[in-house]
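Written below as structure tokens is the structure these notes are about.
Protein chains: 2
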Amino acid sequence: MTAALTKAQDQFIAVWGQMAGAWGISRTMAEVHALLFIVGDPMCTDDVMERLQISRGNASMSLRALLDWGIIERSHKRGDRKEYFSAEQDVWSLFRAIVRERIAREVDPLLASLYEIRDMTPADRARRGEAAEDDRAKIEAHNKRIDEMVEFFRVLEKIGHRFVSPSGRGLQLAAMLLGRLPEGAGEAR
Amino acid sequence: MTAALTKAQDQFIAVWGQMAGAWGISRTMAEVHALLFIVGDPMCTDDVMERLQISRGNASMSLRALLDWGIIERSHKRGDRKEYFSAEQDVWSLFRAIVRERIAREVDPLLASLYEIRDMTPADRARRGEAAEDDRAKIEAHNKRIDEMVEFFRVLEKIGHRFVSPSGRGLQLAAMLLGRLPEGAGEAR
DNA sequence: CGGTCGTTTCAGAATACTCTGAAATCACCG
DNA sequence: CGGTGATTTCAGAGTATTCTGAAACGACCG
Numbered sequence: 000m001t002a003a004l005t006k007a008q009d010q011f012i013a014v015w016g017q018m019a020g021a022w023g024i025s026r027t028m029a030e031v032h033a034l035l036f037i038v039g040d041p042m043c044t045d046d047v048m049e050r051l052q053i054s055r056g057n058a059s060m061s062l063r064a065l066l067d068w069g070i071i072e073r074s075h076k077r078g079d080r081k082e083y084f085s086a087e088q089d090v091w092s093l094f095r096a097i098v099r100e101r102i103a104r105e106v107d108p109l110l111a112s113l114y115e116i117r118d119m120t121p122a123d124r125a126r127r128g129e130a131a132e133d134d135r136a137k138i139e140a141h142n143k144r145i146d147e148m149v150e151f152f153r154v155l156e157k158i159g160h161r162f163v164s165p166s167g168r169g170l171q172l173a174a175m176l177l178g179r180l181p182e183g184a185g186e187a188r
Numbered sequence: 000m001t002a003a004l005t006k007a008q009d010q011f012i013a014v015w016g017q018m019a020g021a022w023g024i025s026r027t028m029a030e031v032h033a034l035l036f037i038v039g040d041p042m043c044t045d046d047v048m049e050r051l052q053i054s055r056g057n058a059s060m061s062l063r064a065l066l067d068w069g070i071i072e073r074s075h076k077r078g079d080r081k082e083y084f085s086a087e088q089d090v091w092s093l094f095r096a097i098v099r100e101r102i103a104r105e106v107d108p109l110l111a112s113l114y115e116i117r118d119m120t121p122a123d124r125a126r127r128g129e130a131a132e133d134d135r136a137k138i139e140a141h142n143k144r145i146d147e148m149v150e151f152f153r154v155l156e157k158i159g160h161r162f163v164s165p166s167g168r169g170l171q172l173a174a175m176l177l178g179r180l181p182e183g184a185g186e187a188r
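Just so you know, the protein sequences line up as chains A and B, in that order.
Using numbering that gives the first Met the number 0, the first residue of the first sequence is number 0, and each one after it goes up by one.
Using numbering that gives the first Met the number 0, the first residue of the second sequence is number 0, and each one after it goes up by one.
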């Protein structure tokens, strides 16, 4: 392995690790993924530990979490009891998986909460009391804000689903958005 | 102010605060934004401090950060030396601002790093040595991975810019996505 | 079964991040 | 200018998150 390649890999791992914070996952988890992605070949726990200088426990937990996200997979070598892991190599598949998970983990629960919040201030209840003309207006304005927020996330969720669902769709979507993009860009794998 | 409204506001603030982690900002910053958004009216530092039970320093820093993100703005009341803050009320404008900032803070630097990494393993250098047929293949595979990643983020950046730029576009974009992929989708802009 | 190799778990240590509060700074007023 | 009140800053305290390492667990083998 050339020195330049190793350096480039390390650099990539570092850069990907930086992003972690902004994406809401731990640095190490991102680094483990970066490593598997950029190396390309399956690696076992010990390989990962050594290359990233992390503990066995940390490696195990990070790999497990990446499996839960569906962006790495297990494999085995004949006559070897160890488990090997490798990352999804297709960048669009990778991000489809990430979008799928983030919708499920963040957007859906958020929408559920927003619906509940909306139900806390029903418009008709506000109308009952006469004394509080002012309150009624406040509640209506509040409801409008919540409703618009709900609407936004519903649209976002739909876009997400469209991006995620039929494999290969992601690229078409992007191409569409960009107007005329060179068509051959990303045919089926 | 009705009790139900206050409770709903608090709930909204809590939910928005939860999201913070996943979005790479601090909980308090998200809560301050949620408060200003859901209340609608301008509030001064002391109002924020009292409602969220946070220190003056924390409130000041959070408000400053939100100003930097461009999602709240300063205002003043005649004959009052205090500064008041209010959140952008239009949900689509809000998210346009967020997308704009995240592109600038995350995607652009990432792309710059990826270009650098790509330049660390020029294909021609790999071709020089004869001894390492194997290394050459490795480097080419590596370069392909980096190139695909670059391409992905370039597309993402373009989509982002399209979403962000002309005001009002966001909604059209979304509507477009939700229609059944009409042909005229990406006409000139 | 007992042994061996590999994986998972988790309490406590290490680290990173956030918040506080008081002092410094700023801005306006008379 | 000096005074008043608002705002910013930042070192240290407080919290939350992540990591380690060793013990428990699991799985296969002879």
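Just so it is clear, CB atoms sit at the ideal spot from N, CA and C, and this is done for glycine as well.
key: Residue from B:Phe94, B:Pro108 and B:Lys137 whose Cα sits closest to the Cα of B:Ala173   = Start at 1 with the first residue of the second sequence, and residue 173 of chain B comes out as number 174. Residue B:Phe94 is the option with its Cα nearest to B:Ala173.
ask   = Using the rule of at least 16 other Cβ atoms within 10 Å of the residue's Cβ for burial, across every protein chain shown, is B:Glu186 buried or exposed?
value = In the second sequence, residue 186 of chain B corresponds to position 187, counting from 1. With a pLDDT of 41 at B:Glu186, under the threshold of 50, the modelled position of this residue cannot be trusted; read the value that follows with caution. Exposed, by the Cβ-count rule.
message = Which residue marks the beginning of the alpha helix (DSSP H) containing A:Arg73, and which one marks its end?
response = For the purposes of this step, residue 73 of chain A is taken as the residue at position 74 of the first sequence. No alpha helix (DSSP H) contains A:Arg73, which is instead part of the beta strand (DSSP E) from Ile71 to His75.
query = Which residue or residues does DSSP assign as beta-bridge partners of B:Glu82?
reply = Against the second sequence, residue 82 of chain B aligns to sequence position 83. Looking at the DSSP assignment, B:Glu82 forms a beta bridge with B:His75.
query = How big is the Cα-Cα spacing for B:His141 and A:Cys43?
reply = For the purposes of this step, residue 141 of chain B is taken as the residue at position 142 of the second sequence. For the purposes of this step, residue 43 of chain A is taken as the residue at position 44 of the first sequence. Rounded to the nearest angstrom, the two C-alpha atoms are 20 Å apart.
message = Quick check on DSSP: helix, strand or coil for A:Ala2?
response = For the purposes of this step, residue 2 of chain A is taken as the residue at position 3 of the first sequence. In this structure, A:Ala2 counts as helix in the three-state DSSP scheme.
key: Every unbroken alpha helix (DSSP H) within the region 86-125 of chain A, with a cutoff of 4 residues, ordered by chain   = 90-101 and 107-118
ask   = Does the count of Cβ pairs from the region 147-158 of chain B and the region 100-115 of chain B closer than 8 Å reach three?
value = yes
ask   = Counting only beta-carbon atoms, is A:Gly16 nearer than 8 Å to chain B?
value = Stepping through the first sequence from its first residue, residue 16 of chain A is reached at position 17. Chain B, which has no Cβ nearer than 8 Å to the Cβ of A:Gly16, makes this no.
query = Is B:Asp89 near B:Arg117, with beta carbons less than 8 Å apart?
reply = Here residue 89 of chain B corresponds to residue number 90 of the second sequence, with the count starting at 1. Here residue 117 of chain B corresponds to residue number 118 of the second sequence, with the count starting at 1. Result no, Cβ atoms of B:Asp89 and B:Arg117 do not sit closer than 8 Å.
request  = Give a yes or no on whether the minimum CB-CB distance between A:Met28 and chain B is below 8 Å.
outcome  = Position 29 of the first sequence, counted from the first residue, corresponds to residue 28 of chain A. No, because no Cβ of chain B sits closer than 8 Å to the Cβ of A:Met28.
ask   = Given that B:Arg144 touches chain A, what residues does it touch there, using C-beta distances under 9 Å?
value = What you label residue 144 of chain B is simply residue 145 of the second sequence in a count that begins at 1. Within 9 Å Cβ-Cβ: Phe11, Phe36, Ile37, Gly39, Gln88 and Val90.
request  = Could you spell out the range, first to last residue, of the alpha helix (DSSP H) harbouring B:Gly56?
outcome  = Along the second sequence, one-based indexing puts residue 56 of chain B at 57. Start and end: Arg55 to Trp68.
key: Proximal residues of chain B, C-beta to C-beta of A:Ile116 below 8 Å   = Counted from its first residue, the first sequence places residue 116 of chain A at position 117. Under the 8 Å cutoff, chain B gives Ala7, Gln10, Phe11 and Val14.
message = Three Cβ pairs or more, each shorter than 8 Å: is that satisfied between the region 24-41 of chain B and the region 64-81 of chain B?
response = yes
key: A:Pro139 versus A:Glu30: straight-line alpha-carbon distance, rounded   = Residue 139 of chain A sits at position 140 when you count from the first residue of the first sequence. Residue 30 of chain A sits at position 31 when you count from the first residue of the first sequence. According to the sequence provided, residue 139 of chain A is Glu. The question's Pro does not apply to it. Taking the straight line joining both Cα atoms gives about 47 Å.
Contact with chain B by A:Ala3, beta-carbon distance below 8 Å = The residue given as residue 3 of chain A occupies position 4 in the first sequence. It does: the Cβ of A:Ala3 has a partner Cβ on chain B nearer than 8 Å.
request  = Compute the Euclidean distance between the alpha carbons of B:Asp46 and A:Asp45, then round it to the nearest angstrom.
outcome  = Position 47 of the second sequence, counted from the start, is the residue given in the question as residue 46 of chain B. Position 46 of the first sequence, counted from the start, is the residue given in the question as residue 45 of chain A. Taking the straight line from one Cα to the other gives about 54 Å.
request  = Give me the Cα-Cα distance between B:Arg161 and A:Lys76, rounded to the nearest whole angstrom.
outcome  = What you label residue 161 of chain B is simply residue 162 of the second sequence in a count that begins at 1. What you label residue 76 of chain A is simply residue 77 of the first sequence in a count that begins at 1. Roughly 47 Å separates the two Cα atoms.
message = Looking at the strands, I want to know which residues DSSP matches up with B:Met42.
response = Within the second sequence, the letter at position 43 stands for residue 42 of chain B. Per DSSP, B:Phe84.
task = Note down the Cα distance separating B:Ser112 from A:Ala2, rounded to an integer number of angstroms.
result = Numbered from 1 along the second sequence, position 113 holds the residue referred to as residue 112 of chain B. Numbered from 1 along the first sequence, position 3 holds the residue referred to as residue 2 of chain A. Taking the straight line joining both Cα atoms gives about 19 Å.
key: Counted within 10 angstroms of its Cβ, other Cβ atoms place B:Ala86 as buried (16 or more) or exposed   = Position 87 of the second sequence, counting from 1, holds the residue named residue 86 of chain B. Result: buried.
task = To the nearest angstrom, report how far apart A:Leu65 and A:Arg135 are at their CA atoms.
result = The count along the first sequence starts at 1 and reaches residue 65 of chain A at position 66. The count along the first sequence starts at 1 and reaches residue 135 of chain A at position 136. Near 49 Å, if we compare the C-alpha coordinates of A:Arg135 and A:Leu65.
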